[in-house]
Structures are given as C-alpha cells and as structure tokens.
Amino acid sequence: MVGSILLTLALAFSIISMIMYFLNYRGYKNTLNYGRIAYHGMAVLVIAASVFLWYAILTHQYQYNYIYSYSNNSLRDLGIFQLASSFWGGQEGSFMLWLLLTSIVGIILQSYASKRGDLEPRVMAVFTLATSFLLVMVSPWFKNPFEYIWITPVFVKVEHLNSQFFNLPFIQQFFFTDQSTNQGFVQINSELVSKLSAAGVSVNQFIIDGKGLNPQLLNFWMQIHPPILFSGFSMATVPFAFAIAALMKNDYSNWVRQAFPWMLAGMGVLGLGIMLGGYWAYEMLGWGGYWAWDPVENSSLIPWLVGVAGIHTLLVQKRSQVHGGIGKYAKTNLMLCVLTYVLVLYSTFLTRSGVLGDASVHSFVDPGMIVYLFLILFIGTFILLGFGMIAFRWKTLNENIKDEESLLSRELALFTAMIVLIASAIIVLVGTSAPIFGKSVDTFFYNEMHLPLAIIIMFLNGISLLIKWQKSDLNELIKKSTYAAVGSILFTILLVVVGGVQEIMIIILSLTTAFSLFVNLDIVIKIVKGNLKMLGAYVAHIGIALFILGVIGSAVYSEQVNIDLVKGKPVTAFGYEMTFTEYYPIENNTKYAFNVNVKRGNSEYKVTPKMYLSEFNNSLVREPAILTLLTKDIYLSPLGYDEGEQNQNQDSHNHIKLEKGSSTEFEGTKVTFVRFNMAPETMQLMSEGKDFQMGAVLEIEKNGKKTETELLRKQTDGKVEFTFFESKEMNLKIELENLAAGVIDIAFSNLDGSESQGNSVQKENNEILSVTASIKPFVSLVWAGVAIMVIGFFIAMTRRLKESRVIS
Amino acid sequence: MKNKYIFGGVIIVVFLGLMMYLFTQSNIEYVDDFNKVMSSEKIVKATGSWVKEKNYHIDNQNKTFSFIMTDEKGNQMKVIFEGTIPNNFESATSVVVTGKYQNGYFHAKDILTKCPSKYEEKTANSSL
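Respectively, the protein sequence lines represent chains A and B. Counted from 1, the first sequence has number 400 at position 400 by our numbering; the numbering is strictly sequential. For any residue, its number in our numbering is found by taking its place in the second sequence, counting from 1, and adding 1000.
Listed below in structure tokens is the structure:
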C-alpha cells in the first residue's frame, strides 16, 4: 500500500510540476517555484518508493506479487547485492528503475537548466511529460511493482507456503494438484486472503518463499548492466527536451551547446551499458559470442547509433554558429535528438509489449492489451510532439540556410558519417521490427550489411580528422595522411602474410580500421603535449577502431571444436593440451565445477567450467570457463558429463542381447547361451503372481576351459532380481540384465576395472567431460575498445560542459 | 545540387537497395502449420512444442540432438539439430526451430526455447 500511495502522489506532483513549468513558460512569473518544488517532491517520492521496494525485497515481503515472482530467500545467501538486484528482475521493476534514474537525471537537469538563462521552464515542462508517462506506467493501473499477490489470483507452490497453516479448515478449497507432476498449489486470491486475516494470519506469514531469479541472471554483470543501460535511456530524454525547448522559443542559438554534453554523456553511458550486456552473454550463456543480433540487444543499439550520428552533426552546427545564424544541419540535429528518445521508447515497446513473442528469448511476457495501447500512446505522444514542433517551425528553420559545403570539408565528412550511422540504424531497425510483420531475418543480413558500412565508417573516422573545416587543400591532405596510409598498408600486409587473412572485404576493413587507428594515434600523440581536454574525439575514435579490430579477430577468426575429455587423458586442441582432472561440488553442493588443465609449453593454466541443475526452471545450466591470454581467449563451454556408470541408453556396447543357441565373444572368452531353465510349475506361479525364478544356462569357454553357469531372474514379492557370474581367474563378470522369450540381455565387465581393448563388447568406466572448445583471437580488444571509446565520450563531455555555460 | 544531398542521397539509396536485396534473401517466415513446413522448400522458422512423451535423443558421436515436435493441430515431425541440447529445453513451453524440412526430417540450424521462467505461472492454470 505504502509503495502505491507514494507512486500515485509522485504522479500528481509530476503533472503539477509540468503544468507549473508550462505556465511559467507562458508568462506566469510566480509559478516557477511551484514547478521546482513539485519536481523535487516527485523525485523524493520516487526515491522513497524505490527505497521501499528494496526494503520489501530485503525483508522478503512476498505479499507483493512482484517480489514473490522475482525474489526468494536463498538469494540472500548469495549476498545482499544479488538479492537487491531482484529490483530489476522483471518488467515492473525495470520500469521502476528507469523511472528512478530519470528522476535523478531530472534533479541534475533542473540545476543545470536553472543556470542557463530562461531554459528551465521549457526543458522541465517537456521532461516532466516523460516522467509523468513513466509514472503512469508503474501506477496501480498498469505495471505496478507494489501490486498485492491476490489481486490477480496466483497459484503458489506448497513449498513456498508455511505448512503450519495448512490445518486451517478453509485451506482445502484453495488447494490444487497438477495431475502430470503431482505438484501441489494453493490458489491465492482475495477470498483466501480475507479468510486468512479472519484467522489472524497475514499473507506475509503464509507465503514464506518466492520463485527467485533465473540463475543466469545472478551474475555481477547483470547487477550493473541494467542500471547503466537505463541511465543511458534516462539521459537520452534530455537532448529531446532541449530540442523541444528550442523549438518552443523558436531560438536555436544556444540549444546545441547546451544539449551537447548531455548527448555525449548519455551515449557514453548507453554504449557502456550495451557492452556490459554483451560481456554478460559472453561470460554466462556459453554459446561463445557477445552479440547475437537478438531483438533485445538490437533495440538498445538503435537509439545509440542515432544518438552517435547526432553527435557528429551537432558538432558541425555548433561550429558553424560562430559565423552567425542557427548554423548548419539544424533540422537534422533536431530530428536526431527527437529520434534518439523516440527510439528508446520504441525499444521499450518492442521488448515489453510482447510483439516479439516468438523472436527473442529475452522478451518479457505479453503484458496485456491496455499496457500495449498505453505504450503506443506513449511513443505516439513523443513522435507527435517532436516532429509536430519541427514541422511547425519548418519555415524558420529553412530561413538561415547558407553556403554549401565544399567537397573536401570536415562538415561534409561529418555529415556523411552521420548518414552512414543512420544507415546502420535503419538496417538494425528493419531487421528487428520484421517479426511484427511475421517475418524474420537471418543474422547474416546484419553482418553482410555492416561490413561495407564499417569500411566507410572507419575510413571517415580517419580522414575526417585530417580535413579542415570549410575547405581543405587536396595536396595538403595527401601529405598529412601519408604516415597513416603507409602505416596501415604495412599493418594490413602483415595481417595477410602472418595472420593469414584472405577475404577481400575483411582485408579492406582491416586497412581502413588501421588507417583510422594511426590517424587518431598520431593526433593524440601530438596533442598529449598540448591540450589534454581536446583529446575526447580522438580517444573515442581509437576505441572504436580497436573494437572493430577485436570484432574482426574474434568473430571472423574464431575456431571451435567439440571434444571429449576423458579424465586424466590429455587432448590437444588449437595447440593446447587440455586435461580434465577432477570435478567437485561447490556452493553447498548446488553446482559442480570441473577442473581442466590447459597447457602449452611451460605455461599451465587451470579453468573450471561449471554445470548445475537449476531448481528455478528444472534444467541443466552450463557455465563456460574463459582463459584470457594476451592475444586470445580460450573458451570452454561444457556440453555434458558422463560418469561412466552403466547407462543403458548411452553405452550400448557394454551390453549385449543374446539369442538362445547363439554365442558371443568378450576378450577371448566365448559365451554361449545354451538354454532356458524353467521349472514346470513356473508358469502357474507366474500367472498367480507368486514368487518364482527362471534361469538362463550359459557356457563359458576360455583358453580351452569350459564352464557352465546359470544366471537367474528371481521374482520375490513383485520385486525382480538378477544374479551374476564372476570369475577371478578369467577376470570376468557377466551380469544378467533381462530375460525375455528367447533372448537375454547380459553385460560384461572386467573385475579389476582394467580397460578392455580391441573388442566391441566392453565396459568403459571413464569419466568423460564433453566440451566445446573455442579460440577467440583478440576478443579482449572488443571490451577494451568500447571502454576506451566511453572514456573518450567523457573527456569530450567535460570540454563541452565548459562551453555550454556561454550564453549568446 | 548540394554536395550533402549528393553524398547523403547516394549512400542512402545504395544501402537501402542492398538492404532490400539482402532482406528478401535472408527473410525467414514463421510457420506454425507443419504441413506447410514439410512442403516448403525454403528455410523457415517452425513454431510448436516438444512432444515430451516421445523423449529426445542425444547422439554423442554425431553431435546431434533430435526430438519430435508438434504443432497446435497435432501434426508431428522429427527435428534434428546439429549441436547440443539447449539450456532450459526440458522446461520449454514452446520451441522455435529454424531450418528446412528434407528427407523426412527437419534439419534445424537454430533452436530457440521459450521458457515459462519470465512468464506468469501458466502451467498451474492449464492443468486444472
């Protein structure tokens, strides 16, 4: 109840704040303070509601449906942060997280805007529209994390309930059993709750455990990936608000400068969030990659691509404003800032509305028609507001267009960079949206399309920094690029000769990437001595070049092989000697770790892939192990483990069917099934269901010695037993496994457990760990590249933050 | 004409063209009727569910994994996947396989399992 009240009040404050700010913009002087107070009131309420949700999670208050569904007691044993990450385990909570982060961003934004002229009322009026929509989303009518469990009747497993209350007389009528699994459930609905409270029992006393989280989400990266990603989403609201604010005033002189640091920071954070998601997939999911072009991954990439495209043209506009007027690409920039946020909303729509039901493993459940329509209303409002305002001001925006750019100008190079990034965004958008129309694209669609795009991007990445603003001299440009060009050609030759790279497109991509890398490195080295704060763009570009090199190495030149590791026996793969040494239980016997020694020359490493049966979804979870070396990762993903015990389904060659009168050989021993031995009264005993026995007479011949033995099938009180034959002299054991009309099943084995050789009938007693081993050259560059790029974004942000204070 | 329109226009046109072409090449349709799946010569995404009663089979030698899948109307087909059993397969509520029907089998190159984990507890409802 507390949580819902806090959120409903926050919604009221958000709307009041929006109205007050809007009135202030329309000229009512005295409403500014009310707007500010209401905004801060809203932010405090949202923070309080979030703290309350955390408190309820940490104190296991399973009367809330959300906490029952995404948390449980055992999470506490894994640490307080694991339990706290239940906060964003499901749909309601991830909206809540988004709202929380947006509210905090808004506090910073309010302070930022209040110091920059008359910006605050317009920016905050737009911003509070966004917070209002988010607050409606988590309000008691939609995806409220504080909904009580009995509002929509739920079946709760008996294990999650306190059994001391099962003797209450009325419980029986709410009790159900699933016929196929014999799992007992109690239906929790409002009727049961009122009966419970009449008996003096609270729901929280009755439900004592929750369903918990998917174990694959219980990982450090999954604790930080969602908050960082949603911070990026929240920050994407700000450039949108600045664009609308500029359109409202019809004054475009300051907004670019003011929005610029926010765009840089937002895209830096979003980029980091996307990368962490990829790293999590690489480390946890075991298929060996970090990017699958999955709709959920794609949908956060699209706004990032558009935002980064916007950064390039924002720079041109800001730069060209020096010459007066609103600058170049004003319409483009307004549209890109609007689109970045609209695409964040579209991303939410794709992943939360259930439209991608069949296409993604991640997609959340279909939330119902009302939420679906509300999400459409949410996006629709922001599209209409954004593009409507641009259309409304179209005339003014077209007034100040001046001279065109020369072919060799940085303006045109940056514009082209924007176009290429937008082309990439369109490709991902089309591919990701296809399932809405019942279509789907193969991942090669994305890969094939991005190869030529990446080549152009990398070329521009280098050349645009050598071209001067406005106009550049071709001869000078050639002179300046000589070092980088020669360096990159040498690098590529090295790659072809030593690395064995053969595909022409990859060679071209390597060439342009190396070119970009050398151009940027050259500039960085020159600048380091001079002005550190100018470093941002170059550092970011070096990061992206390293990232592309990492992608080339890890995606194109990755190799993989399935191997069976017999305990103690080394197997060589990719020049590494791998030996499975032992396995042992970890984490209170809930998981199994498998030690594998990896050896090459004098260096020896130990890696431990893990496997466990997850109670959460009753399935085997396989956790890969990664050995990170200087130039590559060795990636071991477990497939299965065979203890080598008798298992009729798997090791059929231990067992043999023998027909009456026929014989078989096992390590030089000839075994003949001579006859059945059945007493005359057996048939009758059998039909009366009494105890009886039947025998199979075998003749065993080894080294000329013959023995006869009889193996029995005994039935006592309905229980079946088989006897076996053992001979120390022959080192042989024959077990009877089944006896049917005319045929017997027998199993051979050696008594001393030594290995039998050269015979099809044998018993293996080897523990085998099957793994997929793969080698990922330079995959570390993927992570390092993105990290360096993000650092670049932040260096650039600090520089642009200073510039944003200037009001013209 | 302005340089920016020439540059921007050419790039966008080239890539849109390329995209359309590749889109039709890599376009895969979702089919939930196995009669259509079996008669189709294209790669499709067949959606249905695993027939639990008929179990699944893991062939360690050929590294394949096979099972029987059924659509909503009860049409069944055998699916062979060249790879290992996906995590969560046993608890999957529905399965999406990508591949082609040939020689009496559906050769899957990709399996997607939809698990009830993130979903509401529907299992209990449906069995009552």
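Even for Gly, the Cβ is constructed at its ideal location relative to N, Cα and C. What you are looking at is a predicted structure, and each value in this text was computed from that prediction instead of being measured.
Three or more beta-carbon pairs separated by less than 8 Å link the segment 2-11 of chain A to the segment 139-146 of chain A, which places the two stretches in contact. For Thr716(A), same chain residues with a beta-carbon under 8 Å away, outside a window of 5 residues either side, are Asp691 in chain order.
Closest in C-alpha terms to Ile422(A), from the list Leu453(A), Glu411(A), Ser433(A), comes Leu453(A). In the three-state DSSP reduction, Pro435(A) falls in the helix class (H, G or I).
One alpha carbon belongs to Arg393(A), the other to Asn250(A), and they sit about 7 Å apart.
Between the segment 63-70 of chain A and the segment 85-100 of chain A there are three or more inter-stretch CB-CB distances shorter than 8 Å, so the stretches are counted as touching. For Asp1059(B), the beta-bridge partners assigned by DSSP are Thr1064(B). Looking at the DSSP output, Tyr583(A) sits in a beta bridge with Phe594(A). In this structure the segment 451-471 of chain A touches the segment 512-526 of chain A; the number of beta carbon pairs closer than 8 Å is three or more. Between Tyr538(A) and Ile586(A), the alpha-carbon positions lie close to 46 Å from each other. With distances taken between CA atoms, Leu99(A) lies nearest to Ala10(A) out of Ala10(A), Ala259(A), Val621(A), Ile80(A).
For Arg713(A), no alpha helix (DSSP H) encloses it; the enclosing beta strand (DSSP E) starts and ends at 705-716. Here the C-alpha atom of Gly575(A) lies approximately 57 Å from the C-alpha atom of Ala243(A). Put simply, the backbone Cα of Asn1103(B) is about 31 Å away from that of Gly288(A). What Gly462(A) touches in chain B, judged by beta-carbon distance under 7 Å, is nothing: the nearest beta carbon there is about 17 Å away. Out of Val296(A), Val158(A), Val316(A), the CA that lies nearest to the CA of Lys468(A) is found in Val316(A).
Per DSSP, the continuous alpha helix (DSSP H) segment holding Ile795(A) begins and ends at 780-803. Closest by C-alpha distance to Ser770(A), out of Tyr583(A), Val420(A), Lys714(A), is Tyr583(A). Our two residues, Tyr641(A) and Gln1076(B), have alpha carbons roughly 31 Å apart in a direct line. Per the coordinates, the alpha-carbon of Phe793(A) lies some 39 Å from the alpha-carbon of Asn30(A).
For Asp442(A), the residues of chain B that pass the 7 Å Cβ criterion are Ser1026, Ile1028, in the order they occur in the chain. With a contact defined as Cβ atoms closer than 8 Å, Ile302(A) and Leu343(A) qualify at about 5 Å. Within the segment 179-217 of chain A, the complete beta strand (DSSP E) segments at least 3 residues long are 184-188, listed from N- to C-terminus. If you draw a 10 Å sphere on the C-beta of Ile436(A), you find fewer than 16 other C-beta atoms in it, and that means exposed.
For Tyr290(A) against Val782(A), the beta-carbon gap comes to about 7 Å, under 8 Å, which counts as contact. The beta carbon of Ile626(A) lies closer than 7 Å to those of Glu283, Asp633, Tyr635 in the same chain, with the five residues before and after it left out. The beta carbons of Ser780(A) and Glu559(A) sit no closer together than 8 Å.
Looking at the DSSP output, His1107(B) sits in a beta bridge with Ile1080(B), Lys1100(B). Scanning its chain for C-beta atoms nearer than 7 Å, with the 5 sequence neighbours on each side dropped, one finds around Ile383(A) the residues Val342, in chain order. Chain order gives the chain A residues near Gly1008(B) as Phe415, Thr416, Ile419, where near means a beta carbon separation below 8 Å. In this structure Ser464(A) touches Ala417(A) by the C-beta definition: roughly 6 Å separates them, less than 8 Å. If you check the CB distance, Ile1080(B) and Ser1066(B) come in under 8 Å.
Taking C-beta atoms as the reference points, Ser85(A) and Met267(A) fail to come closer than 8 Å. Residue state for Gly695(A) is assigned as strand, using DSSP reduced to three classes. For His40(A), the closest of Ser111(A), Leu477(A), Asn73(A), Gly117(A) by C-alpha to C-alpha distance is Ser111(A).
Secondary structure at Gln502(A): coil, using DSSP grouped into helix, strand and coil.
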